[in-house]
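Protein chains in written order, with the working numbering: chain U, 1382 to 1680; chain P, 12 to 280; chain D, 302 to 679; chain X, 221 to 655. Where a beta carbon is used, it is the ideal one built from N, C-alpha and C, also for glycine.
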Amino acid sequence: MAESAGEKKEYWRWQENCWIDESKDWRAAKIITAGIDVGSVSSQAVVCVDGELYGFNSMRTGNNSPDSATNALAGVLEKSGMKLEDITYVIGTGYGRVNVPFAHKAITEIACHARGANYMGGNTIRTILDMGGQDCKAIHCDEKGKVTNFLMNDKCAAGTGRGMEVIADLMQIPIAELGPRSFDVDEEPEAVSSTCVVFAKSEALGLLKSGYSKNKVIAAYCQAMAERVVSLIERIGVENDFFITGGIAKNPGVVKRIEKLLGTKAAETKYDSQIAGALGAALFGHTLMLKQGASKAAA
Amino acid sequence: MITAGIDMGSRTIKVVFLEELKVDGAPQLKWGIKGKHIMFPDELDPDLAAEKAFDDALKDAGISRDQISNVVATGAGRKQVKFATSDVTEVGAGARGAVFMCPTAKTVVDVGAEEGRGVKANAEGKVVDFAGNEKCAAGAGAFAESMSRALQLSLKDFGEASLRSDKSIPMNAQCTVFAESEVVSLIHSATPKEDIAKAVLDAVASRVCAMVRRVGIEDDVILIGGMVHNPGFVQSLKGALGVDKVHLPDMPEYISALGAAIIAAENKA
Amino acid sequence: MSGLFDQFKEWYEKRHDYAKAWKARTGGQVVATMCTYTPEELLIAANMLPVRVLGAHEPQNVTEPHIFGMFCPFCRDSLAQGLLGRYDYCDGVTLTQSCIQYRQTFNSWREHVPTVKWDYYLPMPNEVQSRFAKTQHYSEVKKFRTFMEGVVGKAISDTELKQATEVVNENRRLLRELFEYRKETNPRVTGVDALYASITAQFVDKAEHNKELKRVLAELPKQPQNRQEGIRFMTIGSENDDVSFMAMVESVGSTIVIDDQCSGTRYFWNEARVQDDPIATIADRYCERPACPTKDYPAHTRFDHVLMLAKDYNAKAAVFLQQKFCDPHEGDYPDLKRHLEANGIPTLFLEFDITNPLGPFRIRIEAFLETLGEEELF
Amino acid sequence: MAKYPTEQLKCWKKAKELREQYYINYAQAKDKGGIRWSGSAWALDAIPAGLGKDVYSLTGEPYGAAVALDKKFNKECQDAAESAGFARDLCAYMRTYWGSIHIDKYLFGGPFPKPDFNFQTQICCSHAKWYQHASMVEKTPDFYIDVSVGPYKDLDDDRLMYVTNQGLESIGWMEKVTGRKFDDELFIEAVKNEMRSTSLWAEICTLNKAKPAPLDEKTMYSLYVLATLSKSSKWCADFYEECRDEVKDRVARGIAAVPNERCRVMSDTQPPWGFLKIFRYLEEYGAVSIGSLYTFGLEGIWETKPDGSWGPRTTPMQQGIDITTREQAMKLYCDWNLSKPQWQHFYDPRLKTEMMKTIVKEWGVNGVMLHLNRGCEGLSIGIMENRLGLAASGIPVMTFEGNMGDEREFDLGRTQNRVDSFMETLALKREFAHA
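Below you can see the structure in the form of structure tokens.
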């Protein structure tokens, strides 16, 4: 077919990332736990040693979730020289949480994100916004990182990460550049009126035709996405401190606009915001191990 | 006399030239296709892209610009074609081209990248009634395409794979973005690729069919647009519409450009 | 699990076969009904089988030309079943006025389902709290009686009406008795069981249904109480017969112990107060029943009714099963949610469509359960 | 291009001033010890008029439409309603109104003026919910009249009396909540005013049968709105008399609303208020929208004339009926309102299709544009059946999706594209482009 002519660049593709904390020696640890977050778009593995983040790997979910889980963890294992047997407890989370072959338990990503955010942003975090590829969640939690209330987008995919991927593809700009570019405009445009992901293409083309620069179209989209997400989060109410997890947290074009609309700043973190779910899972594993140890000791 | 139709899509530009054929004693004009051309614009500047596509097409067909008596533009960017004498919507152009290719057609099913459409046309290829999908039930060719990517299959293999399946897995979501997650979960649950392919094509066909029902399904039915190349989709569409035969024109991607070229000739005649 | 509720399950799964067999056996007419405000007593008195139209929870592409997509999925699914010929055994179709969405189903049905021989729209008052409502509804039920007499070609006597009312009242009484078992700790009747029992009452011959209910009620005390109840849930919404959803919820650590839905308690909750005039008995009953949000004004009588149900059945949390685009329920939801939460009942909101994605729903249910328990994780 | 002479409608400015005054009067009512109430544009507003000459209303739907024209304020209201937990697919006007209360801001300045009572008519599912929530938040007493007694063609005395009795009951209730004595004379006067206003508005619409059309739909919006605000007031009835005379004069002189009129279309349901330019776009094709069942039948009261044509309903006054008592006035008044064209389709879309076919025939309409309005369930109920019914009669028809009060659901580019296709089917070419 004619359409197959010409290599298509995948502008929407984000960076995969693997990291370990070289300063820590896992061999000296008492408890090693792992969390595996198998999402619809990306999969993460996090390893904690004695309840501290040790390493993580973030990659695209392949077309087989057990493999995705294995591959994600393999990244950390390889880098650290750890073996699966060294890990005492594994918790699966995310859409494919029940398909993690070596997991001892599955917990929803909602609970895990809150727990992860509590670690990454500190125990003053009360409101978490998780912006994933195809859904968006607003979560309230207490000082322990326990979920007290949550809301998810229903019925409409507007305001999810997928919309940004569509725009990246259409504008032929790598997804990581969208945020910075959205500020490189002579004046801040109004949000695009329709945030429908399916019709984003026709709307963006319309704007380009009417004389918008690419950056301005991106800005209008970032603004629309921010507005959409804020309307979700306002339904649950924003209580400080506020924290953003998920892929879009890395897009300052959306994050800064959300902060402006809410009139509050999102707590900063030195960690990769995409790992919150897997990190929370690993931390839950640590707590469970501690309690088991304690109950064994008591027995 | 040579006329041209140019179809300015969001990703491609198609050009068709049409030549008037002199047939002695024939009551009506006859036309022959003189050349066709497809281009993928690299730049987003539509003016330049249209110019370039048209020049390339002329070169390709060995025609000079002054031989062209009339140019009609169609497609999403039809207003951007500065050298066009007039323009026509893709609905009008598609129907005209479809009825040219299949004179008995009364129902034209047009499946584009984002939208499916049902058109009721008369014998002259004029639109009598049409319906396109509303927001939440949109998504057509592009959805099938991205799902074939998710399955790591070419669009062609994707269509063929679906023919090997006799399962019908319902897709729950109306919104295609959510439908994508469903496909992902099918993939995760290790559903065979052919069953997934069929589920996706059935879902697209069902949406399109819902639109066509608005204008009524009357024989003969013709399908236009890139999905003509997808035998799996054609099969799903037949099932959804409940018809035995769906006409599949040659050069389906060019039907709108062809329709525009015919309208250019008719306006001149 | 084998069991006690298999007959109800079979009726539910083979409801069209049941109705066809009933028709062949009795020679009576089958009537498609569309709202639980339908005065079934009248149809039963005319020797008819009222069958409430339910959806099939399958994707369909036949309603698009008739109903614009932003209307409630239950209404669209119900129309689809008619257009697909699944209710081709129904002689008539009737709708008693409630929400405007349902009227689209009814109107398109009576115009486009070719097997319909007669139709009747009963404009029941919406403001049932008005002191004129009962008089007005009395007049409407009387007109419906006259119309039905025309359909069957003979008078429907007061005695027949009284007998029909007694059968329906018995059905209501028995269902209440069955639902009493849900108050127990580790209840012997699950949400799925209860749904099968209450939904089938809406299309099975009442006398037959009563017989089966009595059999089940006699057996129940002998059943073991060995189910781990987990978290006790209440469900709130309009029509819901998504059994796979209910089963999923009850498989992840919870039991559904009560509902405020028209597929459940709202349908059978109150018996008719028998008066001398059988028409008054019937008309008043429908004005007095637990209200659908469409008919619940000026006072929100529902709010305290729902709370009372939650307390009586010891529900720890409530799940709203919102039919997407159902305005009456969407209009009540925020204030009802606040009312419940202010009274110690946490809530979860789920939006239902013709078909429901169980995976994403499961995540929400599990996450909700985690907020209600899972202390060992902290 | 221009085939016909055109000129600005003289009374247009006055309509604008009356409308502005209305919203100011409501806000300032308390300064002079007056009464404020709120309800629907189709509330039976002659009833509160019996409470005195200083009674001012705020009708919710026109308020929502007014807000819709202020993009920023509208969004603020919609967001506030959504934050309160209300779904986006609920009535857009209702959400705007709620939002306005929640943020305590009035479009015309200052805090949201709290009414003394809410007085509502319930026909669609949202009208009661609307004021139930408002009353809960404002702590305002509320009264509802249930008018859903079936279509007018099937009206009988029992049904009429159900509505009439509720109307009579509302009088005692109003006396109680306001502490005022009800004045029957003022009430009867208001009933007569309303009959006059709504019959006159139908007459004005009838004048649009002329070719060229003296009015286009966009202009009609600025006129019909007065009836949605205060149809039972004398100023409203008087204005329509003046307006009727001017439109009659335009017809006599052949003054066109759209000078290049070549084709006549009609729309349906409320337009997307933030995008009225879609009507200007039609003009580029020489297409004039001569109205809709919405503009004709929301506030116009009609009847079928002996010759079978559709025209303004004859008022009891014109029939020589003397209205003397509260009970008689209430019954006539309820009967009058129950014949409202825009209430009939709530029971059966065929009734609406027939009315639309009448308009198509008598007003010489070439094509119908149906607005699939995601913002109003009530007026878009049955709309797809209307589409089928019109198409089956050979009337060209198109649909476009949008929302009267929530512009996020309207896509201008796509809609223009649909219009382009539709105009092609009507064999029309675009003649020019508005700047």
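Judged by beta-carbon spacing, X:M589 lies beyond the 8 Å limit of X:F630, meaning their Cβ atoms are not closer than that value. Residues L608 of the same chain have their beta carbon placed closer than 6 Å to that of D:N644, with the five preceding and five following residues left out of the count.
8 Å or more divides the Cβ of D:R387 from the Cβ of D:F504. Proximity of the region 1618 to 1635 of chain U to the region 1513 to 1523 of chain U meets the contact definition, three or more beta-carbon pairs being nearer than 8 Å.
For the pair U:A1572 and U:Q1604, the CB atoms are nearer than the 8 Å cut-off. Here P:H48 carries a strand assignment [DSSP, helix/strand/coil]. At a Cβ-Cβ threshold of 8 Å, U:I1401 and U:A1659 do not count as neighbours.
In terms of Cβ geometry, X:K572 and X:G602 form a close pair [threshold 8 Å].
Residue environment: U:L1465 is assigned as exposed (fewer than 16 neighbouring CB atoms within 10 Å of its CB, all protein chains considered). No residue range can be given for X:K359, since it is assigned to no beta strand (DSSP E) and is classified by DSSP as neither H nor E. Closest by C-alpha distance to P:I274, out of P:S80, P:V215, P:Q91, is P:S80. A direct Cα-Cα distance of roughly 35 Å separates D:K507 from D:T648. Using a Cβ-Cβ distance cut-off of 8 Å, the region 633 to 641 of chain D and the region 600 to 615 of chain D are in contact, since at least three pairs of beta carbons, one from each stretch, lie closer than that value. Of all C-beta pairs linking the region 487 to 506 of chain D to the region 302 to 319 of chain D, three or more are shorter than 8 Å, placing the two stretches in contact. Counting only runs of 4 or more residues that sit fully inside the region 373 to 432 of chain D, the alpha helix (DSSP H) segments are 374 to 384, 401 to 413, in chain order.
Boundaries of the alpha helix (DSSP H) harbouring X:D458: 454 to 473, taken from the DSSP string. At a cut-off of 8 Å, the C-beta of X:D640 has a neighbouring C-beta in chain P. Residues of chain X with a Cβ closer than 7 Å to the Cβ of U:G1587 are, in chain order, G633. Taken in chain order, the complete alpha helix (DSSP H) segments of 4 or more residues contained in the region 92 to 140 of chain P are 101 to 112. Contact note: D:E677 reaches chain U through T1668, L1669, K1672, using a C-beta cutoff of 9 Å and chain order. U:F1624 has a beta carbon lying at 8 Å or more from every beta carbon in chain D. At least 8 Å separates the beta-carbon of P:R218 from that of P:G143. The beta-carbon separation of D:Q624 and D:S539, rounded to 5 Å, stays under the 8 Å limit for a contact. Shown in chain order are the members of the region 1519 to 1547 of chain U whose Cβ falls below 8 Å from a Cβ of chain D: K1525, G1526, K1527, V1528, T1529, N1530, F1531, L1532, M1533, D1535, K1536. Comparing alpha carbon positions, the residue from P:V119, P:F94, P:T115 closest to P:G103 is P:V119. Per DSSP, the continuous beta strand (DSSP E) segment holding X:Q342 begins and ends at 337 to 342.
Nearest CB-CB separation between D:P351 and chain P: not below the 8 Å threshold. Judged by beta-carbon spacing, U:L1559 lies within the 8 Å limit of U:N1632, meaning their Cβ atoms are closer than that value. Residue ranges of uninterrupted alpha helix (DSSP H) with 4 or more members, entirely inside the region 506 to 583 of chain D and ordered along the chain, are 507 to 520, 544 to 552, 566 to 569.
Identification of chain X residues near P:E145 by a Cβ-Cβ cut-off of 7 Å yields L592, E621, ordered along the chain.
Among the CB atoms of chain D, one or more fall inside 8 Å of the CB of U:Y1476. Of the candidates X:H565, X:V471, X:L496, X:A447, X:V471 places its Cα closest to the Cα of X:T426. At the C-beta level, X:I510 and X:W583 come within 8 Å of one another. The C-beta separation of D:Y497 from D:F306 comes to about 5 Å, placing the pair in contact by the 8 Å criterion. Under DSSP, the beta-bridge partners assigned to U:T1474 are U:D1418. DSSP links X:V485 through a beta bridge to X:S509, X:G587.
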